[in-house]
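Number of protein chains: 2
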Amino acid sequence: MIKNDLFLRALNNEKVDRPPVWMMRQAGRYLPEFRALRDKYDFFTRCRTPELAAEITVQPIRIVKPDVAILFSDILVVPQAMNIEVQMKEDFGPWLPNPIRSAKDVEQVIVPNIQETLGYVMDAIKLTKEMLNNEVPLIGFAGSPWTIFCYAVEGKGSKSYDVAKSFCFTQPQAAHALLQKITDTTILYLKEKVKSGVDAVQIFDSWGGMLSPADYQEFSWQYINQIVEALADETRVIVFGKGCWFSLREMAQSKAAAIGVDWTCSPEIARYLTGGQKTLQGNFDPSRLLSPIPTIQKMVKEMIDAFGKDNYIANLGHGILPNVPVDHAKAFVDAVKMYGQK
Amino acid sequence: MIKNDLFLRALNNEKVDRPPVWMMRQAGRYLPEFRALRDKYDFFTRCRTPELAAEITVQPIRIVKPDVAILFSDILVVPQAMNIEVQMKEDFGPWLPNPIRSAKDVEQVIVPNIQETLGYVMDAIKLTKEMLNNEVPLIGFAGSPWTIFCYAVEGKGSKSYDVAKSFCFTQPQAAHALLQKITDTTILYLKEKVKSGVDAVQIFDSWGGMLSPADYQEFSWQYINQIVEALADETRVIVFGKGCWFSLREMAQSKAAAIGVDWTCSPEIARYLTGGQKTLQGNFDPSRLLSPIPTIQKMVKEMIDAFGKDNYIANLGHGILPNVPVDHAKAFVDAVKMYGQK
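Protein chains in written order, with my numbering: chain A, 20 to 361; chain B, 20 to 361.
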């Protein structure tokens with residue numbers, strides 16, 4: 020049994036004394052201990068070496084002490100396993116030298132054997148579970164099919180993902196074929212993660228907010244929902260779509276255990292759109308961790324007051340920024356832990 | 020009197036047979052005629068030479084035939100006039116070599132004499148009005164104080180404007196002083212534009228969607244609203260905030276004549292949030308102009324059906340993309356003009 024089960028209880032809609040807290044990208048560059056490993060090992064070496072991935076996962080648990088761990092990895096290990104070359108370029112980000120641009124390109128993409136291609140992730144999960152020693156739960160994650168598709172088609176990050184979108188609008192059949200392959204792979208991948216020991220999974224839809232509500236339905240949500248349906252009986256699924264406030268109502272009606280919210284949607288409106296009782300996760304503006312600590316403390320309290328302490332997981336509205344001082348990250352976590360105490 | 024006054028009637032909440040139509044960035048790179056001038060004259064030469072600015076403004080009126088012209092210029096001519104150096108770098112975008120990072124930097128920023136610093140814009144307006152010969156109305160525009168602030172502090176474009184945001188959160192007094200100087204300048208600038216002959220003005224808040232609703236109120240909306248209040252008796256003001264769905268209710272209660280909406284907010288929700296009768300402008304996804312023409316025609320009809328033909332200005336939800344074929348842009352404009360005809 021996991022000793023600190025606050026996070027699992029929030030996901031199960033059970034009453035809690037205070038909300039659980041973690042931070043997206045909590046295993047990240049704001050930690051000097053993370054930067055030390057980053058300077059020594061390149062990006063995919065860190066992802067592929069179970070000892071490194073596990074160590075990086077556990078670092079914030081030791082230092083900042085959130086209530087949950089999230090396995091260090093990257094959403095782009097999935098397209099990599101699908102026969103799409105992915106490089107990580109220093110000061111540039113992801114670089115896919117052979118982006119998908121035609122139906123013929125889509126044919127080359129495979130739904131892989133997960134153990135053969137992503138077995139290293141499963142090894143990292145097992146090792147991390149040992150290191151965590153049942154202190155806190157462990158989350159596994161994947162990108163949404165649409166977000167993976169964006170990188171696969173665009174070939175790199177983009178401000179508006181117009182190339183990916185125009186691929187959908189001009190070659191919808193090929194686009195749907197690719198989205199389905201990514202979905203099938205992601206379901207296999209997350210099921211394997213559950214078997215390996217994660218206690219919950221989160222789907223990150225980083226670029227869903229680039230789509231209109233109707234296009235979101237067609238090119239993103241229907242695929243996320245396939246994953247949710249396939250996983251819901253086996254584990255707790257959290258769905259987080261950045262900029263996807265327009266889809267919160269739909270997400271809340273799915274089998275997802277919790278829905279992530281970014282900071283552009285107020286707690287009140289998020290509660291209204293999701294019907295009031297669904298577990299929500301978020302939504303502190305990551306830039307607001309640059310505020311003075313007393314401001315952070317005040318804003319955390321206001322955030323929890325607004326969401327309510329139950330059916331709620333305190334988190335940022337997106338990943339923590341590399342330039343956040345560690346004591347500000349700690350102040351955020353501690354402010355949640357102090358909630359309701361005199 | 021202006022012959023085609025559909026746009027002005029929509030802004031005045033009068034009944035129309037079909038909505039007026041224009042496209043943000045309609046004087047832009049998708050037009051070969053624009054690219055020809057762009058290859059010959061650099062960016063600020065085009066802005067500063069009234070004959071060029073007027074010619075570029077009128078190009079889309081001749082070629083794509085929207086119901087309104089919008090003066091070719093750039094939002095960054097304002098900080099330039101305020102003693103902040105702005106360069107436009109090829110394949111990079113705006114570059115401000117001396118970004119504002121301290122209260123001392125803010126002190127160096129001036130509220131300029133508009134005729135001395137931006138007289139060339141007024142000359143361009145007068146020339147454009149002559150060339151338009153009262154066929155269609157002319158819009159003048161400015162960036163929102165927050166959006167100008169973002170460039171002034173960040174020094175260049177950014178994905179999330181964290182530097183600008185952290186300046187607000189750590190040096191709020193200096194931030195507000197700079198925002199007020201930009202606001203004061205923008206009011207003088209837009210009043211001068213009205214005197215020079217524009218029939219309406221639009222305020223572009225390109226980066227408002229990076230802020231939480233509470234921070235938007237503090238760092239963006241209160242300054243936009245100062246401009247709206249100062250201009251509302253003299254002209255019609257349109258406010259467009261990209262990603263600012265969360266502020267639509269507030270915007271609708273202001274003296275703005277119309278509110279712009281981007282494509283992530285459905286017409287139904289935009290109407291709901293703005294109370295039903297406010298004139299709205301938008302919100303076709305610019306990437307959707309890459310769809311086949313029959314799809315564009317169908318989607319335009321659906322968009323107008325959803326907004327309703329009255330109290331509505333058909334437009335894109337953001338600027339037109341450089342890779343849109345000219346006949347697709349024409350198809351968009353023509354589909355609006357055909358609305359309601361058999």
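A virtual CB, placed ideally from N, CA and C, is assigned to each residue, including glycine.
Any chance the region 231 to 247 of chain A sits against the region 240 to 259 of chain B, with 3 or more Cβ pairs inside 8 Å?
-> No: fewer than three Cβ pairs fall under 8 Å.
Cβ atoms of LEU50/B and ALA100/B: under 7 Å apart, would you say?
-> Not a contact, by the Cβ cut-off of 7 Å.
Identify, in the order they occur along the chain, each residue of the same chain with its Cβ nearer than 8 Å to the Cβ of LEU267/B, setting aside the five sequence neighbours on each side.
-> A distance below 8 Å between beta-carbons, with the five flanking residues on each side excluded, links LEU267/B to the following residues of its chain, in chain order: ILE278, VAL280, CYS284, ALA289, LEU292 and THR293.
Nearest to LEU95/B by CA position, among GLU154/B, ILE167/B and GLU126/B, is which residue?
-> Taking only the C-alpha atoms, the option nearest LEU95/B is ILE167/B.
Identify, in the order they occur along the chain, each residue of the same chain with its Cβ nearer than 7 Å to the Cβ of ASP93/A, setting aside the five sequence neighbours on each side.
-> So the qualifying residues of the chain are CYS66.
Which residues bound the alpha helix (DSSP H) around ILE158/A?
-> ILE158/A: not part of any alpha helix (DSSP H); member of the beta strand (DSSP E) spanning 157 to 162, first to last residue.
Under the assumption that SER231/A contacts ASP304/B (Cβ atoms under 8 Å), give the Cβ distance between them as a whole number of angstroms.
-> Confirmed, about 5 Å.
Hey, quick one: how far does the beta strand (DSSP E) through ALA277/B stretch, first residue to last?
-> Note, ALA277/B: beta strand (DSSP E), 277 to 280.
Exposed or buried, GLY260/B, counting other C-beta atoms within 10 Å across all chains shown (16 or more means buried)?
-> By the neighbour-count criterion, in which 16 or more other beta carbons inside 10 Å mark a residue as buried, GLY260/B falls on the buried side.
Segment contact flag, the region 185 to 197 of chain B with the region 306 to 322 of chain A, C-beta cutoff 8 Å, min 3 pairs | Contact between the region 185 to 197 of chain B and the region 306 to 322 of chain A is present, because at least three Cβ pairs lie under 8 Å.
Opposing strand residues paired with LYS214/A [DSSP bridges] | For LYS214/A, DSSP records no beta bridge to any residue.
Less than 7 Å separating the beta-carbons of LEU335/B and MET141/B?
-> No.
Can you tell me which of the three DSSP states ALA88/A falls into?
-> Looking at ALA88/A - three-state DSSP - the assignment turns out to be strand.
With a CB to CB cut of under 7 Å and the five nearest residues on each side skipped, what residues in its chain are close to SER273/B?
-> Beyond the five residues adjoining it in sequence on each side, SER273/B comes within less than 7 Å, by CB distance, of ASN244 and VAL247 in the same chain, given in chain order.
Around the Cβ of GLU135/A, are there at least 16 other Cβ atoms within 10 angstroms (buried) or fewer (exposed)?
-> With fewer than 16 Cβ atoms within 10 Å of its Cβ, GLU135/A is classed as exposed.
Three-state secondary structure (DSSP) of MET107/A | Here MET107/A carries a strand assignment [DSSP, helix/strand/coil].
Contact under 7 Å by Cβ, ALA183/B with VAL172/B = Yes.
Could you pull out every residue in the same chain whose Cβ sits closer than 6 Å to the Cβ of TRP264/B, ignoring the five residues on either side in sequence?
-> Taken in chain order, the residues that qualify are CYS284.
Simplified DSSP assignment, three categories, for PRO113/A | Note: PRO113/A maps to strand in three-state DSSP.
Along the region 270 to 289 of chain A, what residues have a CB closer than 8 Å to any CB found in chain B?
-> Listed by position along the chain: TRP282, THR283, CYS284, SER285 and ILE288.
Can you say whether PRO85/B is buried or exposed, counting buried as having 16 or more other CB atoms within 10 angstroms of its CB?
-> Buried: at least 16 other Cβ atoms inside 10 Å.
List the endpoints of the continuous alpha helix (DSSP H) containing VAL247/A.
-> In the DSSP assignment, VAL247/A falls within the unbroken alpha helix (DSSP H) covering 241 to 250.
Note down the Cα distance separating TRP165/B from MET20/A, rounded to an integer number of angstroms.
-> In a straight line, the C-alpha of TRP165/B is about 50 Å away from that of MET20/A.
First through last residue of the alpha helix (DSSP H) which encompasses LEU267/B | Element bounds for LEU267/B: 267 to 271.
Counting only the same chain and skipping the five closest in sequence on each side, list residues whose C-beta sits under 8 Å from that of ALA271/B.
-> Here the set comprises ILE278, LEU292, THR293, GLY294 and LYS297.
Contact list for LEU340/A against chain B, beta-carbon separation under 8 Å | ASP181, listed in chain order.
Beta-bridge partners of ILE222/B, as assigned by DSSP = For ILE222/B, the pairing in a beta bridge is given by DSSP as ALA161/B and VAL258/B.
Just mark ASN302/B as buried or exposed, buried being the case when its beta carbon has 16 or more other beta carbons within 10 Å.
-> Classification of ASN302/B: buried, given that the 10 Å Cβ count is 16 or more.
8 Å CB neighbourhood of ASP36/B in its chain, flanking five on each side removed | When the five nearest sequence neighbours on each side are left out, the beta carbons in the same chain lying within less than 8 Å of the beta carbon of ASP36/B are those of LYS328 and GLY359, in order along the chain.
If you draw a straight line from the alpha carbon of LEU197/A to that of MET150/A, how long is it in whole angstroms?
-> Whole-angstrom Cα-Cα distance: 37 Å.
What did DSSP end up calling VAL40/B once you bin it into helix, strand or coil?
-> VAL40/B falls in the strand class under three-state DSSP.
Starting from THR64/B and walking both ways along the alpha helix (DSSP H), at which residues does that stretch end?
-> 62 to 67 is the span of the alpha helix (DSSP H), which, as asked, contains THR64/B.
To the nearest angstrom, how far is it from the Cα of ALA348/B to the Cα of ALA29/B?
-> Whole-angstrom Cα-Cα distance: 22 Å.
Spell out whether any CB of chain A is found under 7 Å from the CB atom of PHE265/B.
-> It does: the Cβ of PHE265/B has a partner Cβ on chain A nearer than 7 Å.
Give the secondary structure of ALA46/A by DSSP, where H, G and I count as helix, E and B as strand, and everything else as coil.
-> Note: ALA46/A maps to coil in three-state DSSP.
For ILE332/B, which of helix, strand or coil comes out of DSSP?
-> DSSP, read as helix, strand or coil, puts ILE332/B in strand.
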